[in-house]
Amino acid sequence: MAAAGDPNPASLQPRRHSPKLPPRNGYGVYVYPNSFFRYEGEWKGGKKHGHGKLLFKDGSYYEGEFVDGEITGEGYQHWAWSGNTYSGQFVLGEPQGHGIMKYKAGGHYEGELSQGLREGQGFLEDQDGQVYQGSFHDNKRHGRGQMTFKNGDKYEGDWIRDQRQGHGVLCCADGSTYKGQWHNDVFSGLGSLIHCSGVTYCGMFINGHPAAQAKKIVVLGPDILEVVQGAPFTLSVQLQQDDGEVAKSESGRILKISAGVRYVQLPEYSEVSFFKMDEDHMETPIQTPFGFQCVSYPLSVPMSWGLESGSAVESARVDLLLSKRDSEPVLDSGAFHGQGDTLSILPVKRHEPCCPAGCQRVDQGCAEFVDILLGAPPPGMQPYLFLPSMHEKAGDRPKGGQSPPEVLPTAQEPLKVTSRPDRTTAEPSAAAYLGEYVLMVCDVTSPPFLGHRLPTAFKHLRILAKGDTHWPHVPEDHTEALS
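Residue numbers (our numbering): 666 to 1148.
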């Protein structure tokens, strides 16, 4: 028996300090051995269970429901590294079910999630204010959905991995609408486009562009159109593709017709040698593809061209004194589109369907200007007649009875009034004088279709005296001098 006062052998053993165990039940605070996690809340059977708050050493935290030690149920989480927050349903520590994710960079998502990713139906607003509502898969827009872009464009249709693909409708802020097939976020396949200018295209699209789009205006008929003085005539026009095929898929462009008179006529074969312009009416001559310049000339067209169908006004005739600006060719300009605003097409408001006076609207690639009439020269345009020189002697004439052509001022030389007997001012006429003219057909669609206008088309016109069947032949030895 051990002596009294002897120490207990067990008491001689060093004490062992086991780590602190988490609370069994009720409310308690527990710091995990790695010190990265700290939990304060309800416990059951030694596990987090009920409502509590789990804090992370980097500043992130979760507060909400726990089940058997796992984050499951309704809760709120903040990620310190991204600044994002989520409130909603959780399963095994991941946002899953329905919830709201707010992004530090701006915007938010409300809808269904799976393992922390957008999955199912939801509503997403990004940092630019663009809004998407529809189906998601693997965090991307996928399936059926609709989106409003920051420029006001709206799209409704199919999506595949964040790109418009399949069938969809795009309504642009400027009033343009596309309905049809998409691929890789651009128009591709069969579709129809109604442009804000009123132009329509229905057919194939390739990489966002109409496959059979018009590229040029072509005036049909002979190279030189010959018309009897004072007689109306008709001009047929086609919009053609690069390969010469008629652009039947396109309708609605507005084409304007204007006229010009050759600045210096061929004196040997015309009663009019040139026109002298008053100083108040001087203008820069227009270059033509026929090797000469012209100045604008008045044109008469039926008033019915500019009237809507059903108008009480019938086919009356109105004289249009086309200004210099109207007669000048319209140059190509502009570009096409960019992502998110696929048409990116220009001003806001659809134009009225009624064509302006002197214009015609294209239908399936074709247009016709009927009952055109060249009017009398305006007061500011004084025609000068060419008469054989009084100093010319019969013996000086070359063989064949042709008179040597008189050298006239060129288009670059100033035209002066002269008192010479072989040049005299023409008497006023009720119709256009005999001579060479130019008809110009230009694209005045506004705003320009897909950002650019078609090049202006020219047609060489000759006005013949009544009874003439064709323009006189120009001898080869005179051609150079007369031009």
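The beta-carbon is built from N, C-alpha and C at its ideal position, and this holds for glycine as well. Since this is a predicted model, take the numbers as computed values, not measurements.
Please report the residue range of the beta strand (DSSP E) in which residue i lies.
| i | result |
| --- | --- |
| H716 | 712-721 |
| M1105 | 1100-1108 |
| S752 | 750-756 |
| S700 | Counting along the chain, S700 falls outside any beta strand (DSSP E), and DSSP gives it neither H nor E. |
| F801 | 796-802 |
| Q1025 | 1024-1026 |
| Y692 | 691-696 |
| G764 | 759-767 |
| K921 | 919-927 |
| L782 | 782-790 |
| E739 | 735-743 |
| S747 | Note, S747: premise wrong, no beta strand (DSSP E); not H, not E. |
| S779 | 773-779 |
| F731 | 726-732 |
Can you tell me whether DSSP reads residue i as helix, strand or coil?
| i | result |
| --- | --- |
| G1116 | helix |
| P1042 | coil |
| S998 | Here S998 scores only 33 on pLDDT, less than 50, and its place in the model is too uncertain to base an answer on. |
| P963 | coil |
| P932 | helix |
| A1130 | coil |
| V1013 | The predicted position of V1013 is uncertain, since its pLDDT is 38 and thus under 50; a value taken from the coordinates is nonetheless stated next. In the structure shown, V1013 sits in coil (DSSP, three-state: anything other than H, G, I, E or B). |
Taking residue i as the reference, give the member of the options with the closest Cα.
| i | options | result |
| --- | --- | --- |
| Q742 | V732, K718, D733, K722 | K718 |
| I1037 | T750, Q894, G1132, F898 | F898 |
| D791 | G776, K805, Y768, D888 | Y768 |
| E739 | G762, N749, L720 | G762 |
| H716 | S725, G693, G724, D723 | G693 |
| R1118 | K881, E775, F1034 | K881 |
| P954 | Q1047, A924, K1124 | K1124 |
| P645 | Y1098, G873, D850, R689 | Past the edges of the chain, shown from 666 to 1148, lies residue 645, and the structure says nothing about it. |
| M869 | P932, G863, L855 | L855 |
| A924 | I871, M1105, S916, V1109 | M1105 |
| A1130 | G758, Y1102, V892 | V892 |
| D1047 | Y928, K921, W824, L720 | In the sequence on display, residue 1047 carries Gln and not Asp. The shortest Cα separation from Q1047 among Y928, K921, W824, L720 belongs to Y928. |
| A838 | F788, S914, K819 | K819 |
| Q786 | Q795, D793, Q811 | Q811 |
| V960 | V1103, H874, L885 | V1103 |
| A879 | L1039, V1027, V966 | V1027 |
| Q905 | G895, L885, Q894, A896 | L885 |
| H802 | N816, G794, R783, T813 | R783 |
| S725 | G895, T750, G734 | T750 |
| E735 | D723, A745, P1042, E707 | E707 |
| V902 | D908, P950, A912, L1039 | A912 |
| P875 | L858, V883, S862, D733 | L858 |
Would you list the one or two residues that DSSP bridges to residue i?
| i | result |
| --- | --- |
| L904 | I882 |
| D823 | R809 |
| T842 | C836, I859 |
| F814 | Answer is none; F814 lacks a bridge partner. |
| D850 | DSSP output for D850 lists no bridge partner at all. |
| T1121 | BP columns for T1121 are empty, so no partner. |
| Q828 | I825 |
| P897 | DSSP, once it has assigned bridges, lists no residue as partnering P897. |
| T865 | I859, S916 |
| K709 | K712 |
| P875 | F870 |
| A1097 | None, per the DSSP bridge assignment. |
| V911 | Q905 |
| Q952 | Q958 |
| V892 | I1128 |
Applying the 10 Å Cβ sphere with the 16-neighbour rule, what's the burial state of residue i?
| i | result |
| --- | --- |
| Q780 | exposed |
| E730 | buried |
| I919 | buried |
| F702 | exposed |
| Q952 | exposed |
| E910 | exposed |
| E1033 | exposed |
| A770 | exposed |
| S747 | exposed |
| R826 | exposed |
| I889 | exposed |
| A1122 | buried |
| I922 | buried |
| S965 | buried |
| P698 | exposed |
| L900 | buried |
Given 6 Å as the limit, tell me if residue i has its C-beta closer than that to any heavy atom belonging to the ligand COA.
| i | result |
| --- | --- |
| D1028 | This structure lacks the ligand COA; in fact it carries no ligand of any kind. |
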